[in-house]
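For my numbering, count along the sequence shown from 1 and bump the result up by 853. Let me begin by presenting the structure, written as structure tokens, before commenting on it.
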Amino acid sequence: MWNVKPKAVDLDGTSLVLLLAIRDVKAGEELLFAYGVRRGEDGEDIDWLKK
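Structure follows, in structure tokens:
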């Protein structure tokens, strides 16, 4: 399941996305987060969701 949560921030006029840990993340562990798109809704036609 997910281990980070994306947060949009603005730093001196530059838009950034921070990945904030929602639990302890081990060294070398893959960072996973929800993309905010679900099958059967707006994401139906997104190619990478069909895989």
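The beta-carbon is built from N, C-alpha and C at its ideal position, and this holds for glycine as well. None of these values were measured; they are calculated from a predicted model.
Secondary structure of residue i, DSSP reduced to three states
i, result
"Lys879", "coil"
"Leu869", "strand"
"Ala887", "coil"
Distance CB(residue i)-CB(residue j) smaller than 8 Å
i, j, result
"Leu871", "Val862", "yes"
"Trp855", "Ala880", "no"
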